[in-house]
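Take a look at the structure below.
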Amino acid sequence: MFLWVILALLTAIVLYGLLRPLIGRRADDPAREAFDAAVYRDQLAEVDSDRARGLIGETEAEAARLEIARRLLAADYGKDIAPDDNKSSFPAKAAIIAVAVMLPVAVLGLYLTYGSPRLPDQPLAARLQDPVNEQNLAALVARVEARLREHPEEGEGWEVIAPVYMGWRRYGDAAQAYAQAIRLLGPSAKRLSGQGQALVLKNDGVVTEVARQALEQALALDASLLEPRILLTIAKEQDGNFAAAVEDWRALREKQDNDQWRAMVDQRIEQAEARLAGGPRVDPGPSQSDIAAAENMSPAERQAMVERMVQGLAARLAQQGDDLSGWLKLVRAYTVLDRKDEAQAALARAKSQFSGNTQAIEQLDALAAELGLKS
Amino acid sequence: MIAEIGHYALILALGVAIVQAVLPLIGMRARDPQLAAVALPASQLQFLLVGIAFIALTTAFVTSDFSVLNVWQNSHSAKPLLYKFSGVWGNHEGSMVLWVLILALFGAAVAVYGSNLPKQLQANVLAVQGALAAAFLLFIIATSNPFARIDPAPFDGMGLNPVLQDPALAFHPPFLYAGYVGFSMAFSFAVAALIDGRIDAAWARWVRPWTLAAWMCLTIGIAMGSWWAYYELGWGGFWFWDPVENASFMPWLAGTALLHSALVMEKRDALKVWTILLAIITFSLSLMGTFLVRSGVLTSVHAFAVDPARGVFILAIMGLFVGGALALFAWRAPLLSQGGLFAPISREGALVLNNLLLTTACAAVFVGTLYPLALEALTGEKISVGPPFFNLTFVPLMIPLLIAVPFGPLLAWKRGDLPGAAQRLMAAAGIALGVTVIMLAINQRGPWLAPFGIGFGFWLIMGAATEISYRVKLFEASGGEIWRRLRNLPRAAFGSALAHAGLGLTVIGIVATTAWGSEKILALKPGDTTDIAGYHLAFNGVAPRQGPNYSERVALFNVTRNGREVIELTPSKREFMAEQSSTTEAGIYTSWRGDLYVVLGDALKDGAYTIRVYFHPLVWLIWFGAVVMFIGGAVSLFDRRLRVGAPKRAETKAAPVPAGE
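Chains as they are written, first to last, in the working numbering: chain D, 1 to 375; chain X, 1001 to 1661.
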């Protein structure tokens, strides 16, 4: 209700302001030529003061005075032509009605279309104290986050919030929360394992060096954990060490009494053995089946697949930066995806990686020129 | 409720803007001054209403009211307060509201301070401003409503792009918009004159200070953007001939030309038609800048509105105003009377040369910016027009301009004395030449052109000094006489001298840093050292640090010079949690010699880090020059000669307004 009072007040102020000049008469303004004449008089005075200050010479001043005087005369001549007065009062009346009626109606109509007059403001401070939100996990997390921002040294907070982030698929945040918990509360198998998993998920399945270290430490503390073991085996596959991977998978196969699990592990073993039997070490890029699958995908899915591959490539290059063809591929991929800033950053990283290697730098520059990047 | 008041106020402002645009024009046709008079309160009310909307939006940002969609998308509760404020215009919707707010501010200024304008001219100007405001308000409400709500409110916002969380960028957009929108004043006056078919004497005297104010804001806005790019993007460049930069540079070039041609128009009543055209072109280029960065045509930090519907809408607005104004120009310009005559060698002639060169340079930038876009749109072929194109077109056009600048102020109006001016400039030319020769001698191994560039810079500075010293008769008169003349010198003379000298400083900065900058890319381990440009840097390692809404890895460098401690530099890489992205913060040490610029790169496998070290000699002069230009503009702006007197009212015998104040 209060809102409507204020809106009505605003409208009233506007209508008062707009209608006032339309109602009642006003004095006639001076003719336009009078305004011109005022300007020319100013200019004459300026010429005189410039002359008096010695800024211009007498001949210049005289010429300027003559010129301005000529314009002033012309203006003065026109001044006496009175503005014609035979105007009708019809437009003013029509305007009053249009403004007084149509303006508020149109504005109100538009506001009711776009606005949400029933919705109250919901500033953060108010929502944090709202008891209705007590059960809301998001609210709890926001409170913990707010507290952690002020007291980042409270390890328990990080410990609590990390699995929530995992559940929300905010893997980067989860990894960071685990890292903080480890720093403040000391390493435990659970925290290390969580950190390792978060890092792997954040990097779209690529087991990075940091993740591997965390997972290995977790296993060292508690050898019964299953997740670190699986991820470390996948890491071996990613390193191309298929023989060791097959061995690990075989060991893992017996850890769980579950047919589905066994079937899955068997499939992994089969794949690893196929690679072992002489399949070339394929880049973690598109496989034949990926490409075949891509043909049946929706554009959005295809986009997501491409994004995933690019991320994998970027993660691999972050670990092993000495792969020039990989860098060239990455820069090109970012450009194709229209992520120009990242392309630029990748190019800069590649160039710093190969600084001193003229041939590599030349290739990178050539690519940059081709793609229109700044090198 | 606050958000809803803002929303309603914005829609009401649209209604008022339509009234402001329509009634004065009907009034003019019906010869009814009462209708035209509505424009005055309308423009002030419009400012009030858009102001309410802006304050409401700001309140929503500051209190983190995430029930407002725009706030949720562009803010985060953990952001520092400054960036909650700047977040208002750090996004498409909010920045459009700021745009319209500045437009309304200028309109209200015409209403409040325009008592010295003929009523018909004032009403027409306000009608054009009203039409602009109506178009943009309609655009905001229909396609980019900042007050759209979501219920229930999400718990936390998505954050502001971290590269925008920076003090220089917090103030870059308001200045830039003040510049862009300020040119709307010149545009409205031009269109009003065309509608009327006459140019009042007050025209140029009104347009000039407002154009000057807009030009000042644009100068400082562009300088801020360039400074930001220099220290934030992490490779130490200050200008990239990027289409987005060009989009702001073109109105600046055209606006600079307009500033000078309006001077001719005011003093000599000449170049009227040209000035009108230039006013239209300048604002059209501003509109084009708005279109380019918001339509998704360009990809950059600015492209926060990649929505084709919006692009088409802005294109339609642009087509309407630019096309309409140009058509009006073609139709009405022949009606406008021509002004005074002048000889080719005269102050006017020099200003015409200035206009010719500036507009040609602007056209070169225009082609270089739009040709690749047009080609891609037509053939799908992607080409890149980079610095080489601009070095070959823009720079050669600037050289004659730089040579000519000091001559202009020394030539008399109407008919000038070129040999006399040249004689007065002998000393300046001698110094510039001397500097060039010394620089050539020091830098015998090239680059060969750079010393000439420095020479041009000195030529401009000394030329500006010559003008002042000539006017105060520095080497002829007695001390008291010089002092008297100095005090009597109009502020505008100081202003133009300062602005020209500022240009010289910027030229020196650009040439020095481009020609003699040094760069090293290294892999350093903690404990390693390196040397650059006389500085000795010791790398002490990298440590983590926690910021308000980011965590960062900070590298520590001890910098010494000739064995003496200079500074500790701490370049860092920041990871922003909410936005999931990172920024590079360069470590910069500025001295008068130039900037030492250190960037922390990625960690390498063996515990080393990629470190990039640059030395940019005299780079600070680039922005210092821009600040001097800004101050020059401000000094001119306060010249009392720019005030317009109002005529005494014919009927009323009320207190007469003193003329000339």
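The C-beta atom is built at its ideal place from N, Cα and C for all residues, glycine as well.
1) For S1284/X, report the span of its beta strand (DSSP E) as first-last.
2) For the pair the segment 1580-1591 of chain X and the segment 1151-1166 of chain X, tell me if three or more CB-CB distances fall below 8 Å.
3) Let me know the secondary structure DSSP gives K1382/X once reduced to three states.
4) Counting C-beta neighbours from all protein chains within 10 Å, is the total for H151/D 16 or more, i.e. buried, or is it exposed?
5) In chain order, which alpha helix (DSSP H) runs of at least 4 residues are fully inside the segment 1465-1541 of chain X?
6) Would a check of beta-carbon distances place A1017/X closer than 8 Å to chain D?
7) Measuring straight from C-alpha to C-alpha, what distance separates R32/D and A1192/X?
8) Mind pulling the alpha helix (DSSP H) runs of 4 or more residues that sit fully within the segment 1073-1129 of chain X?
9) Going by CA-CA distance only, name the one from E1565/X, W1089/X, V1273/X and E1093/X that's closest to R1310/X.
10) Mind listing, in chain order, the continuous alpha helix (DSSP H) runs of no fewer than 4 residues lying wholly within the segment 147-226 of chain D?
11) Using a Cβ-Cβ cutoff of less than 8 Å, which residues in the same chain neighbour L19/D once the five nearest sequence positions on both sides are dropped?
12) Listed in chain order, which residues of the segment 1514-1542 of chain X have Cβ atoms closer than 7 Å to some Cβ of chain D?
13) Output the boundary residues of the alpha helix (DSSP H) element that contains G1221/X.
14) Label K255/D either buried or exposed according to how many other C-beta atoms from any shown protein chain fall within 10 Å of its C-beta, with 16 as the threshold for buried.
15) Should G1479/X go down as buried or exposed, given a rule of 16 or more other Cβ atoms within 10 Å for buried?
16) Measure the C-alpha to C-alpha separation of D48/D and D42/D and round it to an integer number of angstroms.
17) Once you ignore the five residues that flank Y1177/X on each side, which residues in its own chain have a CB closer than 7 Å to its CB?
18) If you measure from the beta carbon of I1011/X to each beta carbon in chain D, is any gap under 8 Å?
19) Taking the continuous alpha helix (DSSP H) assigned at N1161/X, which residues delimit it?
20) Who are the neighbours of V246/D on chain X, taking C-beta pairs under 9 Å?
21) Along chain B, which residues have their Cβ under 8 Å away from the Cβ of P21/D?
22) Under 8 Å, Cβ to Cβ, is there at least one residue of chain D near R1149/X?
23) Which same chain residues, not among the five before or five after R1545/X, have their C-beta less than 8 Å away from its C-beta?
24) I'd like to know whether the C-beta of R379/D is nearer than 8 Å to at least one C-beta of chain X.
25) Rounded to whole angstroms, what is the Cα-Cα separation between T1652/X and L1212/X?
26) Hey, how far is the Cα of L373/D from the Cα of Q363/D?
27) Since T1282/X meets chain D, which of its residues come closer than 8 Å, beta carbon to beta carbon?
28) For G1323/X, is the classification buried or exposed, using 16 other Cβ atoms within 10 angstroms of its Cβ as the cut-off for buried?
29) For R53/D, return the contacting residues in chain X, with the cut-off set at a CB-CB distance below 7 Å.
30) Against chain X, which members of the segment 106-126 of chain D pass a CB distance test of less than 7 Å?
31) Would you please verify whether the beta carbon of G17/D is less than 8 Å from any beta carbon of chain X?
32) What are the start and end residues of each continuous alpha helix (DSSP H) run of 4 or more residues lying completely inside the segment 337-375 of chain D, in chain order?
33) Can you tell me the Cα-Cα spacing of R378/D and L1433/X, whole angstroms?
34) What does DSSP give as the partner residues of R1149/X in its beta bridges?
35) Which residues in the same chain as G1179/X place their Cβ atom closer than 6 Å to its Cβ, once the five residues preceding and following it in sequence are excluded?
36) How big is the Cα-Cα spacing for F1615/X and S1518/X?
In brief:
1) Premise fails: S1284/X lies in the alpha helix (DSSP H), K1272 to R1294, not in any beta strand (DSSP E).
2) yes
3) coil
4) exposed
5) 1479-1488 and 1491-1516
6) no
7) 14 Å
8) 1081-1086 and 1092-1113
9) E1093/X
10) 155-167, 171-185, 189-202 and 209-221
11) I96, V99 and A100
12) I1521
13) A1202 to E1232
14) exposed
15) exposed
16) 10 Å
17) L1098, W1099 and I1102
18) yes
19) Segment: none, N1161/X is in no alpha helix (DSSP H) and carries neither H nor E.
20) What V246/D touches in chain X: nothing, since even the nearest Cβ is about 28 Å away.
21) Chain labels in this structure do not include chain B; the protein chains are D and X.
22) yes
23) S1551, E1552, R1553, V1554 and S1572
24) Here chain D comprises residues numbered 1 to 375, so residue 379/D is not present and cannot be evaluated.
25) With a pLDDT of only 35 at T1652/X, under the threshold of 50, the placement of this residue in the model should not be trusted; the figure read from the coordinates follows. Their Cα atoms are separated by approximately 35 Å.
26) 13 Å
27) Per Cβ cutoff of 8 Å: no residues; T1282/X is ~23 Å from chain D at best.
28) exposed
29) N1488
30) A106, V107, L110, Y111, Y114, G115, S116, P117, L119, P120, D121, Q122, P123, L124 and A125
31) yes
32) 340-353 and 358-371
33) An answer regarding residue 378/D cannot be provided, because it is not within the stretch 1 to 375 covered by chain D.
34) V1068/X
35) A1214, C1217, L1218 and G1221
36) 5 Å
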